[in-house]
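Going by our numbering, the first residue of the sequence shown is number 237, and it counts up by one from there.
The structure appears below as structure tokens.
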Amino acid sequence: MCATLLPAPPRGWAWGHSEDRSELAPTLPAPGLQKDNPSLLVGRAPQRAARTSLWAPRPSELEAPSGYRSSYVASEESRILVLTELLERKAHSPFYQEGVSNALLKMAELGLTRAADVLLRNGANLNFEDPVTYYTALHIAVLRNQPDMVELLVRHGADINRRDRIHESSPLDLASEEPERLPCLQRLLDLGADVNAADKHGKTALLHALASSDGVQIYNTENIRLLLEGGADVKATTKDGDTVFTCIIFLLGETVGGDKDEAQMISRFCFQVTKLLLAHGADPSECPAHESLTHICLKSFKLHFPLLRFLLESGAAYNCSLHGASCWSGFHIIFERLCSHPGCAEDESHVDLLRKAETVLDLMVTNSQKLQLPENFDIHPVGSLAEKIRALHFSLRQLESYPPSLKHLCRVYIRLYLQPWPVDVKVKALPLPDRLKWYLLSEHSGTTEEDI
Numbered sequence: 237m238c239a240t241l242l243p244a245p246p247r248g249w250a251w252g253h254s255e256d257r258s259e260l261a262p263t264l265p266a267p268g269l270q271k272d273n274p275s276l277l278v279g280r281a282p283q284r285a286a287r288t289s290l291w292a293p294r295p296s297e298l299e300a301p302s303g304y305r306s307s308y309v310a311s312e313e314s315r316i317l318v319l320t321e322l323l324e325r326k327a328h329s330p331f332y333q334e335g336v337s338n339a340l341l342k343m344a345e346l347g348l349t350r351a352a353d354v355l356l357r358n359g360a361n362l363n364f365e366d367p368v369t370y371y372t373a374l375h376i377a378v379l380r381n382q383p384d385m386v387e388l389l390v391r392h393g394a395d396i397n398r399r400d401r402i403h404e405s406s407p408l409d410l411a412s413e414e415p416e417r418l419p420c421l422q423r424l425l426d427l428g429a430d431v432n433a434a435d436k437h438g439k440t441a442l443l444h445a446l447a448s449s450d451g452v453q454i455y456n457t458e459n460i461r462l463l464l465e466g467g468a469d470v471k472a473t474t475k476d477g478d479t480v481f482t483c484i485i486f487l488l489g490e491t492v493g494g495d496k497d498e499a500q501m502i503s504r505f506c507f508q509v510t511k512l513l514l515a516h517g518a519d520p521s522e523c524p525a526h527e528s529l530t531h532i533c534l535k536s537f538k539l540h541f542p543l544l545r546f547l548l549e550s551g552a553a554y555n556c557s558l559h560g561a562s563c564w565s566g567f568h569i570i571f572e573r574l575c576s577h578p579g580c581a582e583d584e585s586h587v588d589l590l591r592k593a594e595t596v597l598d599l600m601v602t603n604s605q606k607l608q609l610p611e612n613f614d615i616h617p618v619g620s621l622a623e624k625i626r627a628l629h630f631s632l633r634q635l636e637s638y639p640p641s642l643k644h645l646c647r648v649y650i651r652l653y654l655q656p657w658p659v660d661v662k663v664k665a666l667p668l669p670d671r672l673k674w675y676l677l678s679e680h681s682g683t684t685e686e687d688i
């Protein structure tokens, strides 16, 4: 934080600062100057060359070999003693409270816990806000990824869930938005931050972590994992209707027609986050359809095939999980896509589309206790592959017309019991004959992150 973002130092104090005026700290005499020289403690500071910061170590100390560390510790001790003396001498200044509170903001930024502790014990206000950003010392410590400072401030009574007045961000919100702030995120959770606290728009820290991720430069995967393990609610929804899947759906849309390498990175990120969300109980098949990850993947099943296969293998409903096939149906979506792609027998893209459609349909059947086809499930395919599409449709109609066999029901229940994903790995580990294992496995199962 630049000094330009801070008010002018109060009268009666002299702030040491480097040439870019970015360092905020009470000045101390350089060696050889008298410690009680009044010019050191008033606005009329001594010459710049004769000043040295109380907090920042000298270059020689930073570059010193490890054998000289003890001298640096002694130097720090002397600075703390001088700071304490300075605070005692200026305690009756009319600008004292503002001065020490302002200095606390800088100490929070730099992570200088011992100096901050001295300031706090000598009257620094934990709730003092930066006059431009309106961040408190705790917000600043999080932004600068200073976990030890975060703990110190909370131990001294800082409100761990306090929101700033501009963006309504809590310390946990800020910590969740950048992977570099993971240590602060962990510390805040350990200290008891409310993981499901929401701002006035209904946005929680988990939704902040998701919305801040772009899958290319910012990967908040570990932040999301920590929040979920800390009890973050996967059903959190903003007042605008955004859910935990909104960000993933948006990023998947960014892969269409974009850079191939970036699209692959985004797809991998979406896969990893979806896996975390499903493991903690998120439902990707809830309506409305535009907020349903399963629905979006079904609509573009050729493009998002690996992710859709993972969703179905993980037990995601292929119809609306709230209202059933009357709301939207995976079977209807798949056949609508097949019938809208005329193609010809030699058209490789259409053959690939048909092959992937068969895989998706097989997974739907494998995970269904009873097939749920939508009403008025009629199709009108065209092109040279129309007969194959009709045959596929007819086979599903046949399955629906007969009660499921005991063998099929056993397969469905065993697969359900072995969830979450990856089911195929667990099936192969069962103490069963290979023939039974192959029956339990879907013909098209086995999605891995490498497939993404």
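All residues carry an ideal CB built from backbone N, CA and C; glycine is no exception.
Note that the structure is a prediction, hence the values are computed from the model and not measured.
Consult DSSP for residue i and reduce its assignment to one of helix, strand or coil.
i	result
TRP657	coil
ASN459	helix
CYS506	helix
ILE402	coil
GLN333	helix
ILE650	helix
GLU490	helix
PRO407	helix
ALA472	coil
VAL318	helix
PRO520	coil
GLY279	With a pLDDT of 34 at GLY279, under the threshold of 50, the modelled position of that residue is not reliable, and the figure given next carries that caveat. Correct three-state label for GLY279: coil.
HIS526	helix
VAL663	helix
ALA360	coil
HIS644	helix
If I follow the unbroken alpha helix (DSSP H) through residue i, where does it start and stop?
i	result
ALA622	622-637
PRO383	383-391
ALA373	373-379
HIS370	As written in the sequence, residue 370 is Tyr, which differs from the His given in the question. Counting along the chain, TYR370 falls outside any alpha helix (DSSP H), and DSSP gives it neither H nor E.
GLN233	Beyond the ends of the chain as shown, which are 237 and 688, falls residue 233; an answer cannot be given.
VAL587	584-602
GLU549	541-549
ASP670	670-676
VAL354	349-357
ILE396	No alpha helix (DSSP H) contains ILE396, which DSSP labels as neither H nor E.
CYS533	529-535
HIS444	441-447
Which residues in the same chain as residue i place their Cβ atom closer than 6 Å to its Cβ, once the five residues preceding and following it in sequence are excluded?
i	result
VAL390	ILE396, LEU427
ARG294	The pLDDT assigned to ARG294 is 46, lower than 50, so where the model puts this residue is not dependable, and the model offers no usable value.
TYR304	Confidence at TYR304 is low in this model, with a pLDDT of 49, below 50, so its placement is unreliable and no value can be given for it.
LEU514	SER550
TRP674	none
Using a Cβ-Cβ cut-off of 7 Å (strictly less than) and excluding sequence neighbours within five positions of residue i, which residues of its own chain qualify?
i	result
LEU599	ARG545, LEU548, GLU549, SER678, HIS680
ASP353	LEU388
PRO267	The predicted model places PRO267 with a pLDDT of 35, which falls under 50 and marks its position as unreliable; any figure quoted below should be read in that light. Excluding sequence neighbours, PRO267 sits near nothing in its chain.
GLU498	VAL452
PRO330	none
VAL378	VAL386, PRO407, LEU410, ALA411, ARG417, CYS420
PHE613	PHE567, HIS568
GLU404	ASP435, LYS436
First and last residue of the beta strand (DSSP E) that includes residue i?
i	result
GLY560	560-565
If residue i sits next to residue j, beta carbons under 8 Å apart, how far is it from one beta carbon to the other, in whole angstroms?
i	j	result
ASP400	TYR371	5 Å
SER557	GLU611	Their Cβ separation, rounded to whole angstroms, is 18 Å, which puts SER557 and GLU611 out of contact at 8 Å.
VAL663	LEU654	7 Å
ASP476	LEU443	Their Cβ separation, rounded to whole angstroms, is 11 Å, which puts ASP476 and LEU443 out of contact at 8 Å.
ALA445	ASN459	5 Å
PHE537	ILE570	7 Å
PRO520	LEU529	4 Å
GLU413	ARG380	Actually they do not touch by this definition, with Cβ atoms about 13 Å apart.
GLN608	PRO640	With a Cβ gap of about 12 Å, GLN608 and PRO640 do not count as contacting.
ALA525	HIS516	Not really, about 23 Å apart at Cβ, beyond 8 Å.
LEU621	LEU597	No, LEU621 and LEU597 are not in contact; Cβ-Cβ is about 15 Å, not under 8 Å.
ALA360	LEU340	4 Å
PRO415	ASN456	6 Å
THR510	ASP469	With a Cβ gap of about 17 Å, THR510 and ASP469 do not count as contacting.
Identify, in the order they occur along the chain, each residue of the same chain with its Cβ nearer than 8 Å to the Cβ of residue i, setting aside the five sequence neighbours on each side.
i	result
LEU462	LEU418, LEU421, GLN422, LEU425
CYS575	ILE615, HIS616, PRO617, VAL618, ILE625
LEU589	LYS538, ARG573, LEU574, HIS577, GLY579
With which residues is residue i paired in a DSSP beta bridge?
i	result
ASN555	SER565
Answer yes or no: the CB of residue i versus the heavy atoms of the ligand GDP, is any distance below 6 Å?
i	result
LEU424	Ligands displayed in this structure: none; no statement on the ligand GDP is therefore possible.
Contact criterion: CB-CB distance below 7 Å. Does residue i meet it with respect to chain D?
i	result
ASN363	Included in the structure is just one protein chain, with no chain D present.
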